[in-house]
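K.L.:
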Amino acid sequence: MSVVAGGVSGGPRRTVSSERWCEYFRSNAEALLPIPWDVGVRLSADEIATITTSIQEFQLGESSEGKTFAKMARAYAEQSGDLGYVVAHGLFIAEEHRHARDLGRVMDLAGIARVRKTAADGVFRWLRKLAGLEVSIGVLVTAEIIARVYYDALMRATTSPVLQTLCRQILQDEIMHVQFQTERLAIMRRSRGWPALLATHLLHRLAMSVACGVVWLKHRRVLGAGSFGLVRYWLAVRRELCIALHSMNPRRYEFDRPTIRTAEATREAVTV
Ligand SMILES: [Fe+2]
Ligand SMILES: [Fe+2]
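Structural data, given as structure tokens:
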């Protein structure tokens with residue numbers, strides 16, 4: 114089931130409603146790739162050495178409860194009147210938890226210990242709580258763009274059919290996660306003028322460059338084993354970022370005119 118209503122090069126389109134996102138997340142949960150758990154997870158000593166610290170960190174990242182995030186989503190939904198967003202957000206978090214659960218299961222089967230905290234995960238969680246919902250979503254999109262490249266590398270780096278299938282499923286899910294989050298950013302930024310939008314996009318590019326560098330330093334063994342040398346990795350992240358920046362640009366969407374009257378318009382209507 115696709116919720117994409119327009120292509121990258123198409124004209125303005127409407128954003129996907131929260132109700133439609135709920136439908137998508139529910140139908141996606143019913144159409145998951147069959148993971149061949151019955152064959153087990155047999156990783157060579159080399160594979161284990163390559164992926165251990167890396168998969169531990171990504172599994173932890175996927176497992177965030179996101180209580181503050183959910184609270185901000187609820188406040189935003191009440192203020193904007195888009196109450197369906199809370200449900201869609203909850204279904205999105207459930208997909209992330211499915212990723213964490215399945216990665217954890219792979220780790221258990223491969224004898225890789227789970228971790229409860231890492232420095233990078235701590236910084237990521239702190240950044241997400243730093244400001245409001247918009248910054249939280251922006252930070253999350255940055256992580257998901259990197260995840261799109263990372264899981265591609267992990268899929269190529271392993272010989273395990275279980276891990277390969279799981280990576281393929283996560284990659285499919287993350288495409289839609291980026292669309293879900295970037296459209297919300299476009300909605301939130303729809304009345305922003307172009308100078309402020311340009312500044313926001315430049316900031317996002319800067320944050321992306323820093324995150325991209327840190328992830329390379331920490332996860333280059335998996336990225337390298339998956340045939341992502343530094344240049345290929347950088348170009349792949351840049352490509353995903355361009356798609357995301359395009360999708361979070363409010364100018365590519367048509368929005369309904371605001372139905373809430375300004376105080377002035379209300380006064381005019383009352384005095385006619
Ligand atoms: Fe995920
Ligand atoms: Fe995601």
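When you line the sequence shown up against my numbering, it's residues 114 to 385, in that order. Beta carbons are placed, not taken as given, at the ideal position from N, Cα and C, and that holds for glycine.
Tell me the DSSP secondary structure of E170 in three-state form.
P.N.:
Within the sequence shown, numbered from 1, the residue matching residue 170 stands at position 57. Residue state, collapsed to three classes: helix.
K.L.:
If you measure from the CB of I225, is any heavy atom of ligand 1 nearer than 7 Å?
P.N.:
On the sequence shown, position 112 is the one that residue 225 refers to. Not under cutoff, so the answer is no.
K.L.:
Please list, in chain order, all residues of the same chain as H332 whose beta carbon is under 6 Å from its beta carbon, the five residues on each side excluded.
P.N.:
Here residue 332 corresponds to residue number 219 of the sequence shown, with the count starting at 1. So the list reads S167, once near-sequence residues are dropped.
K.L.:
How about G217 and R229: are their beta carbons less than 8 Å apart?
P.N.:
Counting from 1 along the sequence shown, the entry for residue 217 is found at position 104. Counting from 1 along the sequence shown, the entry for residue 229 is found at position 116. The beta carbons of G217 and R229 sit no closer together than 8 Å.
K.L.:
Thinking just about the alpha-carbon of each residue, which of L267, L336, Q282, E296 is nearest to the one in E247?
P.N.:
On the sequence shown, residue 247 is found 134 positions in, with the first residue counted as 1. Comparing Cα positions, the closest option is E296.
K.L.:
Hey, quick one: how far does the alpha helix (DSSP H) through N141 stretch, first residue to last?
P.N.:
Numbered from its first residue, the sequence shown carries residue 141 at position 28. Counted as a single uninterrupted DSSP element, the alpha helix (DSSP H) harbouring N141 occupies residues 131-142.
K.L.:
Put E367 into one of helix, strand or coil per three-state DSSP.
P.N.:
Within the sequence shown, numbered from 1, the residue matching residue 367 stands at position 254. Here E367 sits in strand by DSSP.
K.L.:
Please report how far the alpha carbon of R127 lies from the alpha carbon of S360, in whole angstroms.
P.N.:
The residue you call residue 127 lines up with position 14 of the sequence shown. The residue you call residue 360 lines up with position 247 of the sequence shown. Their backbone Cα atoms lie some 12 Å apart in a straight line.
K.L.:
Examine ligand 2 and report whether any of its heavy atoms sits within less than 7 Å of the Cβ of H202.
P.N.:
Counting from 1 along the sequence shown, the entry for residue 202 is found at position 89. Relative to ligand 2, even the nearest heavy atom lies 7 Å or more away from the CB of H202.
K.L.:
Would L319 and W329 qualify as a contact pair, given that the criterion is a beta-carbon distance under 8 Å?
P.N.:
Locating residue 319 in the sequence shown gives position 206, counting from the first residue. Locating residue 329 in the sequence shown gives position 216, counting from the first residue. For L319 and W329, no; Cβs fall outside 8 Å.
K.L.:
Between V335 and A270, is the Cβ-Cβ spacing less than 8 Å?
P.N.:
Reading the sequence shown from its first residue, position 222 is the one you call residue 335. Reading the sequence shown from its first residue, position 157 is the one you call residue 270. Yes, the Cβ-Cβ distance between V335 and A270 is below 8 Å.
K.L.:
Which of helix, strand or coil does DSSP assign to R127?
P.N.:
Sequence index remark: in the sequence shown, residue 127 carries index 14 (1-based). Here R127 sits in strand by DSSP.
K.L.:
Could you tell me which uninterrupted beta strand (DSSP E) segments, each at least 3 residues in length, are contained entirely in the region 263-347, listed from first to last along the chain?
P.N.:
none
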